[in-house]
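Chains as they are written, first to last, in this note's numbering: chain R, 1261 to 1495; chain W, 1261 to 1495. Every residue gets a Cβ at the ideal spot worked out from N, C-alpha and C, and that includes glycine. Keep in mind that this is a model prediction, so the values were computed, not measured. Everything below concerns the one structure shown next.
Right under this line is the structure:
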């Protein structure tokens, strides 16, 4: 996958050659990495001149200063800095390690940035698939994030098109007549996690078809999943 | 479901009556709520005498003082307290809202606590299913937790038996020959999230069979998923 490649057409061709088909009612989950590659969000480290701030942080965190420079450029705010750990808030508002800048599954000497506008990327994918197949399929762009308090990482949704990221239970009652305490399920993140189970990290599976999930069609964005600062108790 | 009911036998009977079967190689995901009910972890609020500390916190947070009393009894530590929000570290080490104490899908006037030892509960389920069916099936006990930084809740694993909660990529190399940056996938949490998509909150589906996931058999616990204090940057 290279900048300018027609990702949706290649994904549909790959589906056919794997005896899969994308149908109305399905959801397509696509990894951030392949979307970023198709959008040319790949940077050769040799082309990066680190600032002195990046150089100092790189010493604390134990990373390449050019990598830290890119992480800072992609961030609004450093959330935590410690040896081996650089957690930032990205330009999009995501709190994650290294602003999502990642060196795996890419040419040596280069790193991959998150899409500029992952919700926009999802919309483009959705429209192109509609052109190619004549069906409207929600898109989830997934990436692998760490969490507070829990070990290990899980896949979450960083871009969405064609569905709500949530199922909202606010005001709904259980069979005992009581209002539900759990109000809002982040189903887009659960879909990203479910798809990861079928992807793995070394199998080069960049997309998964989810079939049979009764999603709520309509507009929706991953940006809605970012907790606003005034509701964020863990800044 | 009442205290002392044979949950595994009832689940297997329900599977048969829904034309499902549990096979070797499957994973069984079971909700915390039904496990807690079968274990008698249900408390009538009328039986609870709140301490003065619980009374004060209840005013701040805007909850029933008896509920707050139970939340504190189930906790090691209050992590955040704000109007409408009481986040604690449970006796097990989980960081979640209300120590997992929950009033939905239960008799009015009662609340449900997390199992005393969810990993132990998972082991018991696994052994009983082995007795009944003669197959070894990993068990994931799931609950719905909020997250830092992201809106909405997702299902995570609070009890595990028969599998590792992680797939570990430490030291493994991608097809370009580089060590992977993502090191440890929390697949037990991803399995819990995937299962939630088939459960919903109002459909009274307390268990889901996951088929086709190549899990790593062996011992494993949800306790391993709790980030130790010395690695936790968000206490």
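Under 8 Å by Cβ, that's how I've got residue i and residue j pegged, so tell me the actual separation to the nearest angstrom.
i	j	result
residue 1399/W	residue 1290/W	7 Å
residue 1411/R	residue 1484/W	7 Å
residue 1418/W	residue 1475/W	So it is not a contact: roughly 17 Å between Cβ atoms.
residue 1314/W	residue 1332/W	6 Å
residue 1408/R	residue 1494/R	6 Å
residue 1453/R	residue 1453/W	4 Å
residue 1215/W	residue 1267/W	Because residue 1215/W is not part of the residues shown, which for chain W are 1261 to 1495, the question remains open.
residue 1335/R	residue 1350/R	6 Å
residue 1414/W	residue 1449/R	5 Å
residue 1298/R	residue 1269/R	The Cβ separation is near 11 Å, so there is no contact.
residue 1385/R	residue 1432/W	About 29 Å; that fails the 8 Å criterion.
residue 1364/W	residue 1434/R	5 Å
residue 1451/R	residue 1473/R	7 Å
Check the Cβ-Cβ distances between residue i and every residue of chain B, and say whether any is below 8 Å.
i	result
residue 1421/R	Judged by its chain identifiers, the structure shown contains no chain B, and its protein chains are R and W.
Per DSSP, what kind of secondary structure is residue i in: helix, strand or coil?
i	result
residue 1404/R	strand
residue 1284/W	coil
residue 1320/W	helix
residue 1218/R	The displayed coordinates of chain R run from 1261 to 1495. Any statement about residue 1218/R would go beyond what the structure contains.
residue 1308/W	coil
residue 1477/W	strand
residue 1357/W	strand
residue 1428/W	strand
residue 1370/R	strand
residue 1445/R	strand
residue 1410/R	strand
residue 1261/R	coil
residue 1423/R	strand
residue 1487/W	coil
residue 1397/R	coil
residue 1495/W	coil
residue 1326/R	helix
Starting from residue i, follow the beta strand (DSSP E) in both directions and report where the run begins and ends.
i	result
residue 1335/R	1335-1342
residue 1345/R	1345-1350
residue 1389/W	Taken as a continuous stretch (DSSP letters only), residue 1389/W belongs to no beta strand (DSSP E), being part of the alpha helix (DSSP H) at 1378-1393.
residue 1469/R	1467-1470
Span of the alpha helix (DSSP H) holding residue i?
i	result
residue 1295/R	1292-1298
residue 1268/R	1267-1277
Residues of the region 1392-1418 of chain W whose Cβ lies closer than 8 Å to any Cβ of chain R, in chain order
Close to chain R, meaning a Cβ-Cβ distance shorter than 8 Å, are the following residues of the region 1392-1418 of chain W: 1404, 1407, 1408, 1409, 1410, 1411, 1412, 1413, 1414, 1415, 1416.
For the region 1362-1381 of chain R, which residues have a CB atom closer than 9 Å to at least one CB atom of chain W, in sequence order?
Against chain W - using a Cβ distance shorter than 9 Å - the residues of the region 1362-1381 of chain R are 1362, 1363, 1364, 1365, 1366, 1367, 1368.
Between the region 1326-1335 of chain R and the region 1277-1291 of chain R, are three or more C-beta pairs nearer than 8 Å?
They do not touch, by the three-pair rule.
Determine contact between the region 1388-1398 of chain R and the region 1375-1395 of chain W, defined as no fewer than three beta-carbon pairs at a distance below 8 Å.
They do not touch, by the three-pair rule.
Any 3 or more C-beta pairs closer than 8 Å across the region 1478-1493 of chain R and the region 1421-1435 of chain R:
Flag = yes, the region 1478-1493 of chain R and the region 1421-1435 of chain R touch.
Touch test, the region 1364-1373 of chain W against the region 1452-1459 of chain R, Cβ-Cβ under 8 Å, three pairs minimum:
Judged by pairs of C-beta atoms under 8 Å, the region 1364-1373 of chain W does not touch the region 1452-1459 of chain R, as fewer than three such pairs exist.
Is it a yes or a no for the region 1265-1285 of chain W touching the region 1352-1367 of chain W, going by three-plus beta-carbon pairs under 8 Å?
No, they do not touch.
Check whether the region 1334-1352 of chain R touches the region 1302-1312 of chain R, counting contact only when three or more Cβ pairs, one atom from each stretch, lie closer than 8 Å.
The region 1334-1352 of chain R, when compared against the region 1302-1312 of chain R, does not touch it at the 8 Å Cβ threshold.
Short of 9 Å Cβ to Cβ, which residues in the region 1477-1489 of chain R face chain W?
Those residues of the region 1477-1489 of chain R that come within reach of chain W (Cβ to Cβ, closer than 9 Å) are 1484, 1485, 1486, 1487, 1488.
Which residues, taken in chain order from the region 1433-1455 of chain W, show a beta carbon closer than 9 Å to some beta carbon of chain R?
Cβ contacts with chain R: 1433, 1434, 1435, 1436, 1437, 1438, 1439, 1440, 1441, 1442, 1443, 1444, 1445, 1446, 1447, 1448, 1449, 1450, 1451, 1452, 1453, 1454, 1455.
Near-chain R residues of the region 1282-1312 of chain W (beta-carbon distance less than 8 Å), N- to C-terminal order:
Of all residues in the region 1282-1312 of chain W, none has a Cβ within less than 8 Å of some Cβ in chain R.
Please identify, using Cβ separations under 9 Å, the residues of the region 1329-1361 of chain R that lie next to chain W, in order along the chain.
For the region 1329-1361 of chain R, which is checked against every Cβ of chain W, the residues closer than 9 Å are 1339, 1340, 1342, 1345, 1347, 1349, 1353, 1354, 1355, 1356, 1357, 1358.
Proximal residues, the region 1455-1476 of chain W versus chain R, C-beta separation under 7 Å
Here the close residues are 1456, 1457, 1461, 1462, 1464, 1473.
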